[in-house]
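Heads up, the thing below is written out as structure tokens.
In the numbering used here, the protein residues as written are 679 to 745.
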């Protein structure tokens, strides 16, 4: 069963995350996904954390190098 969590990110933090994504050639999703993995590691979940996302419909080969 899934659920939603409302999260407010201040404009200043959003800009910093966007700048980080741009400077590393990644997406905002990738930055936040990495931040979640880092947080879980810091909280004691270990370093091999299986985080999954929906990939249905993402068959464009141009996106393969983003993963």
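Cβ coordinates follow ideal geometry from the N, Cα and C atoms, glycine included.
Which same chain residues, not among the five before or five after residue i, have their C-beta less than 8 Å away from its C-beta?
i, result
"residue 719", "725, 727"
"residue 688", "none"
If we ignore side chains and look at the alpha-carbon of each, how far apart do residue i and residue j end up?
i, j, result
"residue 759", "residue 690", "The question about residue 759 has no answer, for the chain in this structure spans 679 to 745."
"residue 680", "residue 729", "14 Å"
Relative to the alpha-carbon of residue i, which residue among the options has its alpha-carbon at the smallest distance?
i, options, result
"residue 742", "704, 711, 716", "704"
"residue 731", "681, 716, 738, 711", "711"
"residue 706", "716, 694, 740", "694"
Which residues in the same chain have their Cβ closer than 7 Å to the Cβ of residue i, if we skip the five residues on either side of it in sequence?
i, result
"residue 696", "706"
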